[in-house]
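Participant: Numbering (the numbering used here), first residue to last: 236 to 414. Don't be surprised by glycine CBs; every beta carbon is placed ideally from N, CA and C. Since the model is a prediction, treat every value here as computed from it, not as a measurement. The structure is given below, and queries will be raised subsequently.
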């Protein structure tokens with residue numbers, strides 16, 4: 236089963252992403268829509284990955300394919316933020332929507348957070364060109380900008396999620412520090 240809790244730097248490869256993630260959620264009806272996302276490292280925008288998921292998959296599934304695509308080997312909490320930072324700053328007084336890793340999700344009465352496995356991509360009503368943010372590891376703060384590149388009919392027989400394009404080598408999850 237391919238899941239963050241079973242990943243290690245030795246066992247995860249780009250080929251592993253083409254297997255369906257293990258999921259305790261009930262089976263959903265397969266969506267007729269696929270979403271292509273371009274995921275860039277915010278501090279190194281020349282490093283990016285394009286990934287495709289079906290609409291019945293969740294932000295937790297998107298996290299798992301990003302985790303694999305950027306060669307992460309050590310699991311940490313994560314969060315998706317809607318809208319992106321620039322749009323959040325222009326919405327004074329409005330609470331941004333965020334989806335946090337299921338392992339770290341604690342519902343609070345007065346916030347606008349949900350579990351990343353709570354809504355399918357179809358339910359999020361994405362539109363082409365929309366951007367949002369993904370933060371992996373609240374300590375080391377790996378910020379990513381995610382852009383919806385395309386929304387198309389899903390491909391019969393295709394494996395989801397999958398990595399379809401990439402540029403640049405992934406920086407190490409824990410850069411070596413000179414002492």
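#1: Buried or exposed: which applies to residue 230, given that a residue is buried once 16 or more other Cβ atoms fall within 10 Å of its Cβ?
#2: With DSSP collapsed to three states, give me the class of residue 384.
#3: Counting C-beta neighbours from all protein chains within 10 Å, is the total for residue 403 16 or more, i.e. buried, or is it exposed?
#4: Can you check which of these residues, 314, 284 and 308, is closest to residue 376 by C-alpha distance?
#5: At which residues does the beta strand (DSSP E) containing residue 333 begin and terminate?
#6: According to DSSP, is residue 311 helix, strand or coil?
#7: For the alpha helix (DSSP H) containing residue 288, name the first residue and the last one.
#8: Enumerate in chain order the residues of its own chain whose CB-to-CB distance from residue 395 is below 6 Å, with the five nearest sequence positions on each side excluded.
#9: Give the DSSP bridge partners of residue 264, in chain order.
#10: Determine the contact status of residue 382 and residue 366, defining contact as a CB-CB distance below 7 Å.
#11: Select from 298, 302 and 357 the residue whose C-alpha is nearest the C-alpha of residue 407.
#12: Rounded to whole angstroms, what is the Cα-Cα separation between residue 294 and residue 264?
#13: Ordered along the chain, which non-local residues of its own chain (more than five positions away) have a Cβ less than 7 Å from that of residue 361?
Facilitator: On the basis of the supplied data:
#1: The chain is shown only over 236 to 414; residue 230 falls outside these bounds and no answer can be derived.
#2: Three-state result, residue 384: strand.
#3: Counting Cβ neighbours within 10 Å, residue 403 comes out exposed, since fewer than 16 surround it.
#4: Considering only alpha carbons, the answer is 314.
#5: Segment 332–335, the beta strand (DSSP E) holding residue 333.
#6: Looking at residue 311 - three-state DSSP - the assignment turns out to be coil, as it is neither helix nor strand.
#7: Per DSSP, residue 288 belongs to no alpha helix (DSSP H); it is in the beta strand (DSSP E), 279–289.
#8: Counting only Cβ-Cβ distances below 6 Å, and skipping sequence neighbours, we find 288 and 289.
#9: Paired residues: none, contrary to the question.
#10: Here residue 382 is near residue 366, since their CB atoms are less than 7 Å apart.
#11: Between residue 407 and the set 298, 302 and 357, the nearest pair of CA atoms involves 302.
#12: If you take the alpha carbons of residue 294 and residue 264, they lie about 17 Å apart.
#13: Listed in chain order, the non-local C-beta contacts of residue 361 below 7 Å within the same chain comprise 270, 383 and 386, local neighbours out to five positions each way being set aside.
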